[in-house]
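Residue numbers (this note's numbering): 111 to 497. Cβ atoms here follow ideal geometry from the backbone N, Cα and C, with glycine treated the same way. Heads up: the structure comes next, in structure tokens.
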């Protein structure tokens with residue numbers, strides 16, 4: 111679907127990929143600003159006819175429009191016919207389609223200018239907005255861009271939900287689709303691994319890369335634990351919203367921000383410059399061996415362990431000859447997944463020098479506990495063999 115549409119007084123506007131189905135027809139876009147926001151029935155009628163309403167102006171008036179649509183959302187949904195219960199029964203009982211109703215509410219949109227400033231009064235404090243919507247910086251090509259008001263509300267809500275990280279002595283936030291740093295056990299294992307491996311890293315010249323930085327918790331942890339080495343910490347992630355989340359958390363926890371460089375969002379090593387080799391590579395790999403159904407599951411789901419295999423196919427060319435890997439993995443998918451993991455490690459020419467393991471509560475009925483293990487890996491010529 112086309113990413114740009116023309117909107118009356120605003121000109122060309124950019125629609126992020128995940129919202130393009132909501133704005134499939136440029137003619138359906140209408141801008142309602144300030145005084146127009148009081149025309150609740152007019153806006154609602156536009157939604158009911160399949161249009162998208164772009165709202166700008168006072169926040170309280172915009173919230174009134176959303177509340178009005180929510181109260182009447184049953185009228186927004188096409189009604190599905192329910193077949194009669196017996197043969198020959200001609201009447202039909204109709205019921206609302208909830209998915210269509212939710213889609214209609216999502217067509218209540220707001221917009222940000224080309225710099226990412228939301229046109230809501232008073233202004234919002236959301237940073238890196240385009241990236242948080244899953245787009246790389248500059249994707250809007252200098253044009254304003256649209257987003258559903260519900261998405262804006264979710265992002266703003268994330269700012270108020272903080273996750274305390276005792277190991278860092280601070281709290282982090284996690285925006286939509288980004289794995290929240292809830293597992294203190296996982297963080298403790300990585301802290302043990304960093305403290306153990308530190309003695310093998312050079313002073314002042316050490317380069318460290320975190321693949322899949324997510325909320326930035328491990329990036330910040332590496333910067334903290336390796337601060338006295340003056341190690342340079344690089345970080346990237348597949349999702350632009352994860353890179354933006356890390357950027358936001360690094361900015362809020364600025365003690366070691368000068369040691370951290372964020373790379374563009376890309377798959378595994380795709381954003382790393384050719385020939386750049388690291389003394390340490392950190393990867394908290396996705397540990398559920400099944401298909402990811404949405405963007406939020408990409409951090410933990412790895413169908414057929416394909417991501418893990420590609421990581422080990424590529425990692426040798428980005429690691430110094432005496433470099434090391436810190437790899438996190440959980441046994442959530444059972445012993446066969448762990449056996450496969452260790453076979454992948456061995457086939458790539460690496461060995462396990464040590465393991466740091468903790469038991470973690472899962473809150474699942476069938477399996478109440480699992481184990482997270484952080485592996486310290488070296489090339490087989492200078493490491494212990496798998497056991």
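- Take the alpha-carbon of residue 366 and the one of residue 342: they are about 10 Å apart.
- For residue 394, the beta-bridge partners assigned by DSSP are 438.
- In this structure, residue 301 and residue 335 form a Cβ contact; the two beta carbons are roughly 7 Å apart against a cut-off of 8 Å.
- DSSP places residue 426 in the helix class (H, G or I) of the three-state scheme.
- The alpha-carbon separation between residue 428 and residue 415 amounts to approximately 21 Å.
- Rounded to the nearest angstrom, the Cβ distance from residue 218 to residue 163 is 6 Å, consistent with a contact under 8 Å.
- Proximity to residue 444 across 399, 463, 155 peaks at 399, based on C-alpha coordinates.
- Check the Cα spacing between residue 339 and each of 316, 349, 361, 437: the tightest is with 316.
- With a 10 Å radius around the Cβ and a threshold of 16 neighbouring Cβ atoms, residue 389 comes out buried.
- Out of 262, 327, 372, the CA that lies nearest to the CA of residue 280 is found in 327.
- With 16 or more other Cβ atoms from the protein chains shown falling within 10 Å of its own Cβ, residue 397 counts as buried.
- For residue 424 and residue 380, the gap between their C-alpha atoms comes out near 10 Å.
- Rounded to the nearest angstrom, the gap between the Cα atoms of residue 122 and residue 160 is 21 Å.
- For residue 333, same chain residues with a beta-carbon under 7 Å away, outside a window of 5 residues either side, are 343, 366, 369, 370 in chain order.
- Our two residues, residue 320 and residue 126, have alpha carbons roughly 27 Å apart in a direct line.
- Across the set 402, 490, 354, 386, the C-alpha of 490 shows the shortest separation from the C-alpha of residue 432.
- Nearest neighbour of residue 261 by Cα position, chosen from 129, 150, 384, turns out to be 129.
- For the set 453, 112, 407, the Cα lying nearest the Cα of residue 286 is the one of 407.
- For residue 141, there is no enclosing alpha helix (DSSP H); the enclosing beta strand (DSSP E) covers residues 139-143.
- If you draw a straight line from the Cα of residue 141 to the Cα of residue 258, it is about 13 Å long.
- Considered as a whole, the stretch 281-309 harbours 294-307 as its complete alpha helix (DSSP H) runs of no fewer than 4 residues, in chain order.
- Annotated as proximal: residue 392 and residue 436, with beta-carbon spacing under 7 Å.
- A direct Cα-Cα distance of roughly 27 Å separates residue 313 from residue 353.
- In the DSSP annotation of this structure, residue 175 is not part of any beta strand (DSSP E); the continuous alpha helix (DSSP H) holding it starts and ends at 169-181.
- DSSP, reduced to helix, strand and coil, places residue 457 within a helical segment of the structure shown.
- Bridge partners of residue 121 according to DSSP: 117.
- For residue 147, there is no enclosing beta strand (DSSP E), since its DSSP letter is neither H nor E.
- For residue 327, the uninterrupted alpha helix (DSSP H) run begins and ends at 327-335, by DSSP.
- Sorting 180, 363, 394, 386 by C-alpha distance to the C-alpha of residue 282 places 363 at the top.
- Contact annotation, residue 375 with residue 412: C-beta distance approximately 18 Å; criterion of less than 8 Å not satisfied.
- Take residue 224, set aside five residues on each side of it, and the residues of its chain with a beta-carbon closer than 7 Å to its own are 250, 252, 253, 254, in chain order.
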